[in-house]
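Basically this note's numbering = 1-based index in the sequence shown + 68.
Positions of the beta carbon are idealized from the N, C-alpha and C atoms, including for glycine.
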Amino acid sequence: MADSETPAGPGRAARKDGGFDEALLAALFSQSAVGLAVLDPQLRLVRANSLVEGVDTGEYAGLPVNEVFRLDDPDGSEQLMKRVLAGEGPVRDHLVRGRLRRIPGDRQFLTSLYRLQGPGGPDAPALGLMVAVEDVTERERARAREAALAAVRDAVGGSLDTATTCRDFADALTPGFADLAVVEVVDDVLRGAEPPVGPMPPGTPLRRAASGRCDSVREAVEGGSGARGSAAGSTRHLPVRTPYALAAADLRARLVPLGPDTPWLGTDPDGARAVAETGAHSLIVVPLTLRGAVLGLVSLYRCRASEPFDENDVSLAVTAATRAALAIDNARRYEREHVIASTVQRRLLPQAERRQAAVDTAHVLLPGRDSGCWFDTIALSGARTALVVGGVAGEGLQSAIAMGQLRTVIQALAGLDLEPEEVLARLKETADRLAHERASLPPADGLHGEPLSAGCVYGVYDPFTRTCTVARAGHPAPLIVGPDGRAVPLDVPEGPGLFSTDSALFAPATVTLEVGSLLAFCTAELLSGDRAPERITRALARTDRSLQQLGDDIVYALPDDTRAAGAALLLARTSTVSDHLVATWDLADEATTPATARVLVRDRLQGWGLDEDTVDATELIVSELVTNAVRYGTPPLRLRLLLDSTLTCEVHDGSTAAPHLRHARTVDEGGRGLFIVSRLASHWGARHGPDGKVLWTEQELPDDPATSATSATSATSATSEAPEAPAAPAG
Numbered sequence: 069m070a071d072s073e074t075p076a077g078p079g080r081a082a083r084k085d086g087g088f089d090e091a092l093l094a095a096l097f098s099q100s101a102v103g104l105a106v107l108d109p110q111l112r113l114v115r116a117n118s119l120v121e122g123v124d125t126g127e128y129a130g131l132p133v134n135e136v137f138r139l140d141d142p143d144g145s146e147q148l149m150k151r152v153l154a155g156e157g158p159v160r161d162h163l164v165r166g167r168l169r170r171i172p173g174d175r176q177f178l179t180s181l182y183r184l185q186g187p188g189g190p191d192a193p194a195l196g197l198m199v200a201v202e203d204v205t206e207r208e209r210a211r212a213r214e215a216a217l218a219a220v221r222d223a224v225g226g227s228l229d230t231a232t233t234c235r236d237f238a239d240a241l242t243p244g245f246a247d248l249a250v251v252e253v254v255d256d257v258l259r260g261a262e263p264p265v266g267p268m269p270p271g272t273p274l275r276r277a278a279s280g281r282c283d284s285v286r287e288a289v290e291g292g293s294g295a296r297g298s299a300a301g302s303t304r305h306l307p308v309r310t311p312y313a314l315a316a317a318d319l320r321a322r323l324v325p326l327g328p329d330t331p332w333l334g335t336d337p338d339g340a341r342a343v344a345e346t347g348a349h350s351l352i353v354v355p356l357t358l359r360g361a362v363l364g365l366v367s368l369y370r371c372r373a374s375e376p377f378d379e380n381d382v383s384l385a386v387t388a389a390t391r392a393a394l395a396i397d398n399a400r401r402y403e404r405e406h407v408i409a410s411t412v413q414r415r416l417l418p419q420a421e422r423r424q425a426a427v428d429t430a431h432v433l434l435p436g437r438d439s440g441c442w443f444d445t446i447a448l449s450g451a452r453t454a455l456v457v458g459g460v461a462g463e464g465l466q467s468a469i470a471m472g473q474l475r476t477v478i479q480a481l482a483g484l485d486l487e488p489e490e491v492l493a494r495l496k497e498t499a500d501r502l503a504h505e506r507a508s509l510p511p512a513d514g515l516h517g518e519p520l521s522a523g524c525v526y527g528v529y530d531p532f533t534r535t536c537t538v539a540r541a542g543h544p545a546p547l548i549v550g551p552d553g554r555a556v557p558l559d560v561p562e563g564p565g566l567f568s569t570d571s572a573l574f575a576p577a578t579v580t581l582e583v584g585s586l587l588a589f590c591t592a593e594l595l596s597g598d599r600a601p602e603r604i605t606r607a608l609a610r611t612d613r614s615l616q617q618l619g620d621d622i623v624y625a626l627p628d629d630t631r632a633a634g635a636a637l638l639l640a641r642t643s644t645v646s647d648h649l650v651a652t653w654d655l656a657d658e659a660t661t662p663a664t665a666r667v668l669v670r671d672r673l674q675g676w677g678l679d680e681d682t683v684d685a686t687e688l689i690v691s692e693l694v695t696n697a698v699r700y701g702t703p704p705l706r707l708r709l710l711l712d713s714t715l716t717c718e719v720h721d722g723s724t725a726a727p728h729l730r731h732a733r734t735v736d737e738g739g740r741g742l743f744i745v746s747r748l749a750s751h752w753g754a755r756h757g758p759d760g761k762v763l764w765t766e767q768e769l770p771d772d773p774a775t776s777a778t779s780a781t782s783a784t785s786a787t788s789e790a791p792e793a794p795a796a797p798a799g
């Protein structure tokens, strides 16, 4: 016998008479681990085994496969099977979705398609298709649950904004796990308050923080009337004797079937309307709880043809809600600290626009995460105005506290009539001490290793010289626009930041301004982005707008991607002091000059219509100041009166030696000059310049003349305790 011949035997005989093929086919259909179905060339069912659940060969034989399985995409599946019949090759592990006649709900099948080759080779017509079918519904559901939980882990917790956290949570659950997800949070929790301890008190308002919908539900809701209170941001009280109220009471999740006959929907008309519009048939409601406190509720719905929820889905919903509750609570704590820090910041900032003698001002404060930015306008002697904007980097209460400390210091330094560069130099010394105090905290303190960073720009506008002198410490320089709308260049050297280790000196810059010029002092946030200075300058060029309108225009022009970290803007429009409110005299350096000054002052104050008590008090102030300048100062001498909301007296002399207030004893013959001045004036001080010094006083102009009379009488009494003595010597 040749090697290629096959020995005769039972197997060869079985193949010849077809018995072997029948046995093989029977074993395959009865013992296969997967469902098998045979289709003829017209894609009609010929035979199926018992693993193809819900299909009886006898009942469905001869029916098209799309009628037997009711696939979601029948046309696509039919085209795929026709390509296999045409000899384009088998298809393996193809996932299809559909429904069976006898098993409710959507099913998922993993299918493989094989061409049944007829005799005559590959070119012969196919006898039909062999379809291997594996029901992977439960496996795919488990995979979908794992994917939904992974989506929650990845998406939730990355933001410290409560609304964003809730929105991320709802988006992570739809449409993969639920067709509709609604996240409601206790209203007070959204504002940072402590959540109520469970059970949640009846009547507690819940605010809808976020919702997620699949496409079919969105179309149904948008096409319907819309349930009242379904919009994001709306509030509601939980209807009693509903799954929502029960879950908030015992802090347990609920799996609830929904339908037209669901009894509790009668107590919740809005919910019943929403169920009817969306076709919801299955509900999971889970309380958002953390350490026994209730933060809100999560309601998950499956609608229309979706598979109902089961207990495995409830377990996933509880796990996801636990993670969401932790993220919401973190956001709540941050929101609470932010609210406190913002409140502290606003209390430390000016509460109203302060009227200045020769500038009009307006401000814009943009809320944001950064609670350390500040602005200020400070009235200085001689009708000058200090304009300040600064910021402490960082978020939270500590930044607001540091801001308040720096602002208080700079107000005190401004009152000393120092030059801008000297104000910043002393402010940096205070900042260095604050940084040293923080570094000296115990290592366990959270602030021990937290660095401080701050910047400030300080400018002084003098209406008599129309100059603005500016110095800056790690902060952008102000922008200036002239009355013609053109930008005015101002090159201010940048000094070191307030908390930096750099010991470089601060250098000022001075610019002369036309009346009606605009100055914009901005925090760095407003100057970030492409061509920000040009954008602000262009907005300021609109001369027909008020200062507040200009500030709003700058905010409107901010790019959409501007980071919401908070910002401050201070605008100032320059002017001068009216000539009829100022009187200036050059005085001779003679012994009779004080008497002459008194006559000049009385004449001018009476011309301004001031009351007699104010005139008498001012005469005495001027007499003391001029006497001090004649005896202990050097020429030239100059006297200036300025009438505004207060009455300012200034005496200039060429000496740089500063006087000081002495408290004379009863037997002393001198030392009472500045004491008298301090009693008559509301404020007094000395400022120095390149050509000498100026002693100045400010007097309030009360509506009640008795106040001035009382002050004048008190000062006169002081002089009667001892004989008149020379004024206190300078220096």
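Cβ-based burial, residue i [other Cβ within 10 Å; buried from 16]
| i | result |
| --- | --- |
| H543 | buried |
| T682 | buried |
| D397 | buried |
| V372 | In the sequence as presented, Val is not what sits at residue 372; that position holds Arg. Looking at its Cβ environment, which holds fewer than 16 other Cβ atoms inside 10 Å, R372 is exposed. |
| R296 | Note on R296: pLDDT 37, under 50, position unreliable in the model; the coordinate value appears next. Classification of R296: exposed, given that the 10 Å Cβ count is below 16. |
| D684 | buried |
| S374 | buried |
| Q176 | buried |
| R599 | exposed |
| Y128 | buried |
Helix, strand or coil at residue i according to DSSP, with G and I counted as helix
| i | result |
| --- | --- |
| F88 | helix |
| R599 | coil |
| L434 | strand |
| V828 | Lying outside 69 to 799, the shown extent of the chain, residue 828 is not represented and no answer is given. |
| G619 | helix |
| T716 | strand |
| S383 | helix |
| A461 | coil |
| W332 | helix |
| T682 | helix |
| E582 | coil |
| D160 | In the sequence as presented, Asp is not what sits at residue 160; that position holds Arg. Looking at R160 - three-state DSSP - the assignment turns out to be strand. |
| D428 | strand |
| V645 | coil |
| V694 | helix |
| S776 | Note that S776 scores a pLDDT of 40, beneath 50, so its modelled location is shaky; the value from the coordinates is reported in the next line. It is helical. |
Member of the options whose CA lies at the smallest distance from the CA of residue i
| i | options | result |
| --- | --- | --- |
| Q424 | D759, T714, G103 and H720 | T714 |
| V362 | A592, E262 and A461 | E262 |
| A726 | A223, A454, D485 and S100 | D485 |
| S596 | V690, I622 and V106 | I622 |
| Q413 | G563, P328, R309 and S467 | S467 |
| L433 | D283, T591 and D236 | T591 |
| R666 | L111, D236, L688 and L358 | L688 |
| R801 | R415, E403, I446 and E405 | A query on residue 801 cannot be resolved here, the shown segment of the chain reaching from 69 to 799 and no further. |
| V491 | L455, L515, G472 and A512 | L455 |
| V114 | V102, S100, G103 and L131 | L131 |
| A572 | A522, L637 and K496 | K496 |
| R391 | P418, E403 and V354 | V354 |
| R112 | E135, D143, A512 and V102 | E135 |
Nearest-angstrom Cβ-Cβ length linking residue i and residue j, presumed shorter than 8 Å
| i | j | result |
| --- | --- | --- |
| T661 | L673 | Contact flag wrong, Cβ pair sits at about 18 Å. |
| L197 | R183 | 7 Å |
| R501 | L481 | That pair is no contact at about 14 Å. |
| C800 | A541 | Since the displayed the chain opens at 69 and closes at 799, residue 800 lies outside it and no answer follows. |
| D229 | A399 | 6 Å |
| S350 | R320 | Not quite, the Cβ-Cβ distance comes to about 18 Å (not below 8 Å), so this is no contact. |
| A234 | A278 | It should be pointed out that residue 234 corresponds to Cys in this sequence rather than to Ala. With 8 Å as the limit, C234 and A278 qualify as a contact, their Cβ atoms being about 4 Å apart. |
Heavy atom of the ligand NAP within 6 Å of residue i beta-carbon
| i | result |
| --- | --- |
| F177 | Ligands are entirely absent from the displayed structure, and the ligand NAP is therefore not among its contents. |
| said: Could you check whether the stretch 340–350 touches the stretch 304–318, counting it as contact only if at least three pairs of C-beta atoms, one from each stretch, sit closer than 8 Å? | reply: They do not touch, by the three-pair rule.
| said: Is it the case that the stretch 595–609 contacts the stretch 533–542, given that we only count it when at least three CB pairs across the two stretches are under 8 Å? | reply: Not touching, per the Cβ criterion.
| message | Does the stretch 394–411 come into contact with the stretch 427–441, if we say contact requires no fewer than three beta-carbon pairs (one atom in each stretch) closer than 8 Å? | response | These segments touch.
| query | Would you call the stretch 644–655 and the stretch 454–464 touching, i.e. three or more CB-CB distances under 8 Å? | reply | In short, these stretches do not touch, since the Cβ pair count stays below three.
| query | Touch check for the stretch 633–641 and the stretch 688–700: three-plus C-beta pairs under 8 Å? | reply | Too few Cβ pairs lie closer than 8 Å, so no.
| said: If contact is defined by three or more beta carbon pairs under 8 Å, each pair taking one atom from either stretch, is the stretch 322–336 in contact with the stretch 225–244? | reply: With a cut-off of 8 Å, the stretch 322–336 and the stretch 225–244 do not count as touching, because too few Cβ pairs lie within range.
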